[in-house]
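Top to bottom, those sequences are chains A and B. Letter 187 of the first sequence, counting from 1, is numbered 187 in the numbering used here, and no numbers are missing. Letter 136 of the second sequence, counting from 1, is numbered 556 in the numbering used here, and no numbers are missing. For glycine and all other residues, C-beta sits at the position ideal for the given N, C-alpha and C. As structure tokens, the structure follows; a few thoughts come after it.
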Amino acid sequence: MSGITKTGKSIFILAWLALLVWGIYGVFQRFTLGHRLADYGSYVTWGLWVSSYIYFIGLSAGAFLLSALIYVFRLERLERIGKTALFTAAITLVMALITIFFDLGHEWRFYKVFTSPHFSSMMAWMVWLYTAYFILILTELWLILRCDLDRLAREGGALAGLYRVLSLGWNCPEDQEKQKQCHENSIKLLRPLAAFGIPLATAFHGGVGALFATVGARALWHTPLFPILFLIGALVSGGALMLALVAIFPDIGGSEQECKAILSLLGKIVLGLICVDLLLEFAEFFVPLWSGIGPELAGLKEILLGRFWYVFWIFHIGLGSVIPIALLAFRPQSRIAAGLAGVLIAVTYLAVRLNMVIPGLITPELKGVAEAFVQPRLTFTYIPSAFEWSVLAFVVAMGIGIFFIGKRILPLESTPGQLR
Amino acid sequence: MQNENRTPHIGNAGIGNTTMNDPANGAEPDRRKLLNRMLAGAVAGGIAMAGATARASEVNAPAMPLDGPQIFAGGNHAERMRKELLEALKKPISERKWIMVIDLQKCVGCKACTISCVAENSLPPSVVYRIVTQEEVGKFPDVRRRFLPRPCMHCDNPPCVPVCPVGATWKRADGIVVIDYDQCMGCRYCITACPYNARTFDFGEYYEEKTPKITAYETAPSPEYGQNRGRPVGKDTSPKGNTRKCQFCMHRVENGMLPACVTTCIGGATYFGDLNDKTSLVHELVAQARGMRLKEELKTEPSVYYLK
Numbered sequence: 001m002s003g004i005t006k007t008g009k010s011i012f013i014l015a016w017l018a019l020l021v022w023g024i025y026g027v028f029q030r031f032t033l034g035h036r037l038a039d040y041g042s043y044v045t046w047g048l049w050v051s052s053y054i055y056f057i058g059l060s061a062g063a064f065l066l067s068a069l070i071y072v073f074r075l076e077r078l079e080r081i082g083k084t085a086l087f088t089a090a091i092t093l094v095m096a097l098i099t100i101f102f103d104l105g106h107e108w109r110f111y112k113v114f115t116s117p118h119f120s121s122m123m124a125w126m127v128w129l130y131t132a133y134f135i136l137i138l139t140e141l142w143l144i145l146r147c148d149l150d151r152l153a154r155e156g157g158a159l160a161g162l163y164r165v166l167s168l169g170w171n172c173p174e175d176q177e178k179q180k181q182c183h184e185n186s187i188k189l190l191r192p193l194a195a196f197g198i199p200l201a202t203a204f205h206g207g208v209g210a211l212f213a214t215v216g217a218r219a220l221w222h223t224p225l226f227p228i229l230f231l232i233g234a235l236v237s238g239g240a241l242m243l244a245l246v247a248i249f250p251d252i253g254g255s256e257q258e259c260k261a262i263l264s265l266l267g268k269i270v271l272g273l274i275c276v277d278l279l280l281e282f283a284e285f286f287v288p289l290w291s292g293i294g295p296e297l298a299g300l301k302e303i304l305l306g307r308f309w310y311v312f313w314i315f316h317i318g319l320g321s322v323i324p325i326a327l328l329a330f331r332p333q334s335r336i337a338a339g340l341a342g343v344l345i346a347v348t349y350l351a352v353r354l355n356m357v358i359p360g361l362i363t364p365e366l367k368g369v370a371e372a373f374v375q376p377r378l379t380f381t382y383i384p385s386a387f388e389w390s391v392l393a394f395v396v397a398m399g400i401g402i403f404f405i406g407k408r409i410l411p412l413e414s415t416p417g418q419l420r
Numbered sequence: 421m422q423n424e425n426r427t428p429h430i431g432n433a434g435i436g437n438t439t440m441n442d443p444a445n446g447a448e449p450d451r452r453k454l455l456n457r458m459l460a461g462a463v464a465g466g467i468a469m470a471g472a473t474a475r476a477s478e479v480n481a482p483a484m485p486l487d488g489p490q491i492f493a494g495g496n497h498a499e500r501m502r503k504e505l506l507e508a509l510k511k512p513i514s515e516r517k518w519i520m521v522i523d524l525q526k527c528v529g530c531k532a533c534t535i536s537c538v539a540e541n542s543l544p545p546s547v548v549y550r551i552v553t554q555e556e557v558g559k560f561p562d563v564r565r566r567f568l569p570r571p572c573m574h575c576d577n578p579p580c581v582p583v584c585p586v587g588a589t590w591k592r593a594d595g596i597v598v599i600d601y602d603q604c605m606g607c608r609y610c611i612t613a614c615p616y617n618a619r620t621f622d623f624g625e626y627y628e629e630k631t632p633k634i635t636a637y638e639t640a641p642s643p644e645y646g647q648n649r650g651r652p653v654g655k656d657t658s659p660k661g662n663t664r665k666c667q668f669c670m671h672r673v674e675n676g677m678l679p680a681c682v683t684t685c686i687g688g689a690t691y692f693g694d695l696n697d698k699t700s701l702v703h704e705l706v707a708q709a710r711g712m713r714l715k716e717e718l719k720t721e722p723s724v725y726y727l728k
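As structure tokens, then:
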């Protein structure tokens, strides 16, 4: 975080600690009181946690696909951020899995998806696909870091043991020329894996979208465009996160010149993607609204004009689209503009995910269900409780913590010219 | 509407007048014969409301001869359904097909079915299997209310079943859609997939949570699925943390009893039986012209039929 004063760092650390403490309290409540403090019920049965899950999954798939493009298509201009993108994909995936773990009624039964999967369920496919995806990310990370990890282990120091463990005993030749050859071999092995990762990440994240889209009972989800929206959303939010990270930590991008070039290219990619995303979203709203009839109208109107109109208009359209588009279009050379645009898109994309999940559940399936039997959790209104936010705070604090530790101790910097 | 008008006519004006209010007592046997013939004709024509005629037989039991149409032979309709249920239980499970028929014209919206279901299954807060929705029609003073009891539809093509990632819910050979509480991990995907809002989640709560004592009623074992699972305070054991739903009171049915909502319906609006039994009351009822099912367009093929 070059350019940030000591006071700034202290404030950041304090804020992070506060987030972590609040989060740990939330997790403690989750384990002692279960779901009781959550606001979701039997009708709006998925809330902030499921939305955050698909949000983190999207960030992961986006960051991963970016890394895959770098390694498969030898995108040298972005080579420096390849390892960080992979590492970010791994962290955000872990964040997603922890979030959804807390959402389960019997969280310790998650293993049943592996021991007795039911493959007619898109959810079972999703779990199996992200397991494969997780293994792939870890393998790729190991491949690309193993030579450096071995070197660090040999150099000694307090963390030598950890590096040895992480390198899984890999021995890179000591001779410099051979070392270079060894690293090139790693990248050669990585390339087909990354290539395989592209359809895998597409299937996996498209599968998350299909998990919703295949539910015929929910008009708002049940559109063929839904899985595509998930994928484009992943690329937009994951790309924006990488944009933000490079802008905040310019050392990831190398020299000032290189960093600027990376930000400029990433900015253009994100700008293009967000425009495509908005176009698809426009189609998703425009078609049913124009016809004026249909079961999805109520949900769409709720998004646009309902109680939580600001989630769409202020967070998604204002802060998450218009301002970043303006920043990226009119200030393409500015690191601050790129960073701000990246942060805005990456953070406010949670609003998009919330609007993908919750409005699909707020319309009663039959007229009068809401009033038929009045109980606290039998309502069609939902607003995430402080407890739900606190558990999310834990996940975010944990993710930030792992990123900082990883960035500090792992050899994530890349020397350009290794892709050829 | 035609049938709604017929109900009081047969039950009160018709039979009642014959037995109590007719000053010409000498003409009574002939008139009774005539009425019986009329009733027989109505049934033969396939438009008789089984419940309405049965109710007439209950109200006027002493004056009603049992030599009338077959529908009266077994006593009231609840008794007939119970006998048919016992017969069905003699068959292998795959030869039974449990269905429910709900006569909307008889439902008065008392919600006795909802409450009896809650009591029968010891349901905790916010878990409900059978609700009764109501809709107000018209403008004051010409206002009417429509009621629609909604149990689980036990669809033949249940959208809640394939979505379960761990196969914890399935449709039995006799048509009942069940949940294995030990297998369910509480992801609630099935809740989102149900087009009837018929599944709810057990959040592990108690009605008396913020009171000095949680009484035994709340922790008492539920007879659901014949498993007698309790809900002990402080333990997150199933069915806490699980999705729950109506199972047609399987534990009662398999012991020769009708579901709780059927026996407690004050209007006799809910029928239950084996559709595979061609002579059963439910089989007669679903063939009526006013029979319908909810959201037919989804092709879920519900096992709950409504009589409009």
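Length of the line joining the Cα atoms of residue i and residue j
{"i": "residue 386(A)", "j": "residue 305(A)", "result": "25 Å"}
{"i": "residue 405(A)", "j": "residue 185(A)", "result": "28 Å"}
{"i": "residue 335(A)", "j": "residue 343(A)", "result": "12 Å"}
{"i": "residue 398(A)", "j": "residue 536(B)", "result": "48 Å"}
{"i": "residue 708(B)", "j": "residue 393(A)", "result": "58 Å"}
{"i": "residue 32(A)", "j": "residue 655(B)", "result": "10 Å"}
{"i": "residue 469(B)", "j": "residue 725(B)", "result": "Because residue 469(B) carries a pLDDT of 39, less than 50, the predicted location of this residue cannot be relied on, and the following value inherits that uncertainty. If you take the alpha carbons of residue 469(B) and residue 725(B), they lie about 15 Å apart."}
{"i": "residue 208(A)", "j": "residue 265(A)", "result": "29 Å"}
{"i": "residue 365(A)", "j": "residue 37(A)", "result": "26 Å"}
{"i": "residue 16(A)", "j": "residue 349(A)", "result": "21 Å"}
{"i": "residue 448(B)", "j": "residue 528(B)", "result": "Unreliable positioning characterises residue 448(B) in this predicted model, as indicated by a pLDDT of 42, which lies under 50. A coordinate reading is not provided."}
{"i": "residue 727(B)", "j": "residue 517(B)", "result": "19 Å"}
{"i": "residue 9(A)", "j": "residue 241(A)", "result": "20 Å"}
{"i": "residue 311(A)", "j": "residue 355(A)", "result": "8 Å"}
{"i": "residue 13(A)", "j": "residue 6(A)", "result": "11 Å"}
{"i": "residue 464(B)", "j": "residue 704(B)", "result": "Any answer about residue 464(B) is weak, because its pLDDT of 43 lies below 50 and its placement is not dependable; what the coordinates show is given next. Roughly 11 Å between the two C-alpha positions."}
{"i": "residue 523(B)", "j": "residue 532(B)", "result": "15 Å"}
Any chain B beta carbon closer than 8 Å to residue i
{"i": "residue 375(A)", "result": "yes"}
{"i": "residue 123(A)", "result": "yes"}
{"i": "residue 367(A)", "result": "yes"}
Selection from the options that minimises the alpha carbon distance to residue i
{"i": "residue 286(A)", "options": "236(A), 319(A), 220(A) and 111(A)", "result": "220(A)"}
{"i": "residue 555(B)", "options": "513(B), 567(B) and 589(B)", "result": "567(B)"}
{"i": "residue 40(A)", "options": "91(A), 307(A) and 104(A)", "result": "104(A)"}
{"i": "residue 85(A)", "options": "243(A), 116(A) and 165(A)", "result": "243(A)"}
{"i": "residue 497(B)", "options": "690(B), 706(B) and 547(B)", "result": "690(B)"}
{"i": "residue 409(A)", "options": "326(A), 30(A), 149(A) and 89(A)", "result": "149(A)"}
{"i": "residue 396(A)", "options": "338(A), 289(A), 131(A) and 26(A)", "result": "26(A)"}
{"i": "residue 423(A)", "options": "280(A), 322(A) and 375(A)", "result": "Outside the shown range of chain A (1 to 420) lies residue 423(A), about which nothing can therefore be said."}
{"i": "residue 466(A)", "options": "143(A), 330(A), 159(A) and 121(A)", "result": "Residue numbering for chain A in the displayed model covers 1 to 420; residue 466(A) lies beyond these limits and cannot be assessed."}
{"i": "residue 696(B)", "options": "687(B), 688(B) and 706(B)", "result": "706(B)"}
{"i": "residue 572(B)", "options": "544(B), 559(B) and 550(B)", "result": "550(B)"}
{"i": "residue 589(B)", "options": "723(B), 504(B) and 663(B)", "result": "663(B)"}
{"i": "residue 621(B)", "options": "645(B), 548(B) and 522(B)", "result": "548(B)"}
{"i": "residue 618(B)", "options": "668(B), 585(B), 645(B) and 658(B)", "result": "668(B)"}
Residues that DSSP places opposite residue i in a beta bridge
{"i": "residue 642(B)", "result": "649(B)"}
{"i": "residue 712(B)", "result": "726(B)"}
{"i": "residue 620(B)", "result": "664(B)"}
{"i": "residue 693(B)", "result": "519(B)"}
{"i": "residue 558(B)", "result": "563(B)"}
Residue-level contact to chain A via CB, residue i, 8 Å cutoff
{"i": "residue 670(B)", "result": "no"}
{"i": "residue 615(B)", "result": "yes"}
{"i": "residue 585(B)", "result": "yes"}
Distance cut-off 7 Å: residue i Cβ against heavy atoms of the ligand HEM
{"i": "residue 577(B)", "result": "Here there are no bound small molecules, and the ligand HEM is not part of this structure."}
Inset, instruction - Determine contact between the region 593 to 612 of chain B and the region 566 to 580 of chain B, defined as no fewer than three beta-carbon pairs at a distance below 8 Å. - result: yes
Inset, instruction - Pair every Cβ in the region 40 to 59 of chain A with every Cβ in the region 92 to 107 of chain A, then say whether three or more of these pairs are closer than 8 Å. - result: yes
Inset, instruction - Flag this pair as touching only if the region 119 to 130 of chain A and the region 186 to 197 of chain A have three or more C-beta atom pairs under 8 Å; answer yes or no. - result: no
Inset, instruction - Would you be able to state if there are at least three C-beta pairs under 8 Å between the region 370 to 383 of chain A and the region 627 to 637 of chain B? - result: no
Inset, instruction - Say whether the region 605 to 623 of chain B touches the region 352 to 369 of chain A, bearing in mind that this needs 3 or more beta-carbon pairs closer than 8 Å, one atom from each stretch. - result: yes
Inset, instruction - Indicate whether the contact test is met: 3 or more Cβ pairs, each with one atom in the region 683 to 701 of chain B and one in the region 522 to 542 of chain B, closer than 8 Å. - result: yes
Legend entry - Touching by the beta-carbon criterion (3+ pairs, under 8 Å), the region 168 to 179 of chain A and the region 187 to 201 of chain A: no
Inset, instruction - Would you check if the region 230 to 244 of chain A and the region 57 to 71 of chain A touch, i.e. whether three or more CB-CB distances between them fall below 8 Å? - result: yes
Inset, instruction - Indicate whether the contact test is met: 3 or more Cβ pairs, each with one atom in the region 245 to 265 of chain A and one in the region 300 to 315 of chain A, closer than 8 Å. - result: no
Inset, instruction - Count the C-beta pairs between the region 639 to 646 of chain B and the region 148 to 163 of chain A that are closer than 8 Å, then say yes if the count reaches three, no if not. - result: no
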